[in-house]
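Enquirer: Residue numbers (this note's numbering), protein chains in the order written: chain W, 1 to 229; chain V, 1001 to 1211. Heads up, the beta-carbon is just placed ideally off N, CA and C, and yes, glycines get one too. First the structure, which I've put down as structure tokens, then a few questions once you've had a look.
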Amino acid sequence: MSESPPSPDALKQLAPEQLVICHECDLLMAKMHLADGEKAQCPRCGFELYHHQANMLTRSLALVLAALLLFVPANFMPIMSLGLLGQHNNETVWSAVLALYQSEMALVALIVFLSSMLIPLLKLLCQGWVLLTLQLKLPAGFALWLYRIYHQMREWGMLEVYMFGVLVSIVKMVDLGDLSMGVGLVCFIGLLVCQIWLEATMSEHQVWEMLDELRTEQQVDEVMDEACD
Amino acid sequence: MKRAIDAGFMLCLECHAVNRQDPDNPEAGQICTRCHAPVYPRRPGSLARTWALLITAAILYIPANLLPIMVVSSFGKGSGDTIMSGVIALIHYDMVPIAIVVFVASILVPTFKLVGMGLLLYSVQRHQPLSARQRGVMYRFIEWIGRWSMLDVFVIAILVALVNFGSIAQITAGMGAVAFALVVILTMLAAISFDPRLIWDNTESEEDHDE
Chain W
1 MSESPPSPDA LKQLAPEQLV ICHECDLLMA KMHLADGEKA QCPRCGFELY HHQANMLTRS
61 LALVLAALLL FVPANFMPIM SLGLLGQHNN ETVWSAVLAL YQSEMALVAL IVFLSSMLIP
121 LLKLLCQGWV LLTLQLKLPA GFALWLYRIY HQMREWGMLE VYMFGVLVSI VKMVDLGDLS
181 MGVGLVCFIG LLVCQIWLEA TMSEHQVWEM LDELRTEQQV DEVMDEACD
Chain V
1001 MKRAIDAGFM LCLECHAVNR QDPDNPEAGQ ICTRCHAPVY PRRPGSLART WALLITAAIL
1061 YIPANLLPIM VVSSFGKGSG DTIMSGVIAL IHYDMVPIAI VVFVASILVP TFKLVGMGLL
1121 LYSVQRHQPL SARQRGVMYR FIEWIGRWSM LDVFVIAILV ALVNFGSIAQ ITAGMGAVAF
1181 ALVVILTMLA AISFDPRLIW DNTESEEDHD E
């Protein structure tokens, strides 16, 4: 935001669509048009306001699809296995949840299940449906609602923290017995990479604006149809 | 610099759309024109809710640190591990880098969050002349780091599944793990319910120095 800002009173005259407010410090600014790859930061508190991604829709769709394909093997195939005196134990994300549940730690099991499995899956499904809506011009109202739900869930998916948990467990267990890594770990890393990349690619302000435009278009079409009848 | 609240606008915290305040009743909440979420100039009851969550977390912080989070039993002998004894054990096994990671995630971060959020709330309520920019950075850091404290909970989950050899060796979760997981969740909820815009209210005079 390097261009000279309009005076505060001029800002008051602008329509809400032409304004930006900083999420962190409530500073009011005129909206700037960004070229591909540019980002806007708040001049007062330094918060990143929004960024603009090229080919956002197709790139994001590819990443959602890859992440969804990896989801099942990442959660149900062995991350690692430990051998001790001839016995072998496999650990999958799902078996960890079950083991906690069986050791009478239902609350912790629920928290782990939500943050490492259910919420990451629901987030991907929400993102996927929103992207499909934009691509195929499906009804926008439902997608707007889903994208709101996605924002509520965002912080509660913790795949990257789980990945660190895997690393710490490996280091703790490596001397104890015969430890080996499984296919699940490779899929889990793949899922994590896709998810982080997706969140960087799927620029929120672009998605919200496209959804809003789509809904306006659909509302105009509806009115036109009614007028023709 | 002008705040949106003074110009009659408010931001939807969900979709970041700009909404116009009702001129007759500027404090009132509305429904966002874009995503239909409730919008307010400032989140109502933010301070009270954040305090409540933070105090609950602070109480649970005690059992989380005193009770064993994990019980390792081998050939009939069982020993409980608290968060701190787990870190010390890692140091004894010469795994200092991992000990540091676990120490930061399980001890330093939750403590910093409890103290930091308390400071933020206190400074906002008392209009303390701390730099708003610094407090803003602190809030963003607390919000970002919160989830990383779940590390120990995930480690427990993985070890319980992995080390399950009946009487030879078995790891089970202890009650400390429940308290610890709740501390992490409650402090995350506290950070979410805090309205960061409050930090910047009443800082106009001080900000002239900064710029």
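(1) Beta-carbon separation of L979 (chain V) and G1174 (chain V) under 8 Å?
(2) With distances taken Cα to Cα, identify the nearest neighbour of S1081 (chain V) among V:G1118, V:F1075 and V:V1071.
(3) L144 (chain W) versus chain V: which residues are under 9 Å apart at the beta carbon?
(4) Please name the residues in the stretch 69-92 of chain W whose beta-carbon is closer than 9 Å to at least one beta-carbon of chain V, in chain order.
(5) May I ask you to list, following chain order, the residues of the stretch 1112-1133 of chain V that have a beta carbon less than 8 Å from some beta carbon of chain W?
(6) Could you tell me which uninterrupted alpha helix (DSSP H) segments, each at least 4 residues in length, are contained entirely in the stretch 1086-1118 of chain V, listed from first to last along the chain?
(7) Counting Cβ pairs closer than 8 Å, one from the stretch 93-103 of chain W and one from the stretch 139-159 of chain W, do we hit at least three?
(8) How would you call L136 (chain W), buried or exposed, if buried means at least 16 neighbouring beta carbons within 10 angstroms?
(9) Could you spell out the range, first to last residue, of the beta strand (DSSP E) harbouring L82 (chain W)?
(10) For H23 (chain W), return the contacting residues in chain V, with the cut-off set at a CB-CB distance below 9 Å.
(11) Looking at the structure shown, is V108 (chain W) part of a helix, part of a strand, or coil, going by DSSP?
(12) By the DSSP assignment, the alpha helix (DSSP H) with H205 (chain W) in it spans what residues?
(13) Are the beta-carbon atoms belonging to V1102 (chain V) and L1119 (chain V) less than 8 Å from one another?
(14) Is the Cβ-Cβ distance between G182 (chain W) and P78 (chain W) less than 8 Å?
(15) Please decide whether A96 (chain W) counts as near chain V, where near means a Cβ-Cβ distance under 8 Å.
(16) Could you give the DSSP three-state label for S180 (chain W): helix, strand or coil?
(17) Have a look at M1009 (chain V) and Q1021 (chain V) and give me their C-alpha separation to the nearest angstrom.
(18) Kindly indicate which residue of W:V130, W:Q152, W:V168 and W:H23 has the alpha-carbon position closest to the one of H1016 (chain V).
(19) My guess is that L1060 (chain V) and L1182 (chain V) are in contact by the Cβ rule of under 8 Å, so how many angstroms apart are they, rounded?
(20) What's the call for D272 (chain W), buried or exposed, on a 16-neighbour Cβ count within 10 Å?
(21) Which of helix, strand or coil does DSSP assign to V97 (chain W)?
(22) Is DSSP giving I1168 (chain V) helix, strand or coil here?
(23) Helix or strand or just coil, what does DSSP make of S1079 (chain V)?
(24) Tell me which residues of the stretch 1086-1115 of chain V have at least one Cβ-Cβ distance to chain W shorter than 7 Å, keeping chain order.
(25) Label C228 (chain W) either buried or exposed according to how many other C-beta atoms from any shown protein chain fall within 10 Å of its C-beta, with 16 as the threshold for buried.
(26) Identify, in the order they occur along the chain, each residue of the same chain with its Cβ nearer than 7 Å to the Cβ of N89 (chain W), setting aside the five sequence neighbours on each side.
(27) Are there 16 or more other CB atoms within 10 angstroms of the CB of R154 (chain W), so buried, or fewer, so exposed?
(28) Is the Cβ of G1076 (chain V) closer than 8 Å to any Cβ of chain W?
(29) Please confirm whether V130 (chain W) and L118 (chain W) have their CB atoms less than 8 Å apart.
(30) Would you mind working out which of V:D1195, V:S1167, V:A1028 and V:G1116 sits nearest L84 (chain W), comparing C-alpha positions?
(31) Three or more C-beta pairs closer than 8 Å, one from the stretch 1184-1198 of chain V and one from the stretch 1106-1121 of chain V: is that the case here?
Expert: On the basis of the coordinates in this document:
(1) Given a span of 1001 to 1211 for chain V in the structure shown, any question on residue 979 (chain V) remains unanswerable.
(2) Note on identity: in this sequence residue 1081 (chain V) is Asp, with Ser being the wrong assignment. Among V:G1118, V:F1075 and V:V1071, the Cα nearest to that of D1081 (chain V) belongs to V:V1071.
(3) C1015, R1034, C1035 and H1036
(4) I79, M80, S81, L82, L84, L85, Q87, N89, N90, E91 and T92
(5) A1132 and R1133
(6) 1096-1103
(7) no
(8) exposed
(9) M80 to L84
(10) L1011, L1013, H1016, P1196 and R1197
(11) helix
(12) E204 to C228
(13) no
(14) yes
(15) yes
(16) strand
(17) A quick correction: the sequence has Phe, not Met, at residue 1009 (chain V). Going from the Cα of F1009 (chain V) to the Cα of Q1021 (chain V) covers about 5 Å.
(18) W:H23
(19) 5 Å
(20) For chain W, the structure presents residues 1 to 229; residue 272 (chain W) sits outside this window and is missing.
(21) helix
(22) coil
(23) strand
(24) M1095, I1098, V1101 and V1102
(25) exposed
(26) S81 and L82
(27) exposed
(28) no
(29) no
(30) V:S1167
(31) yes
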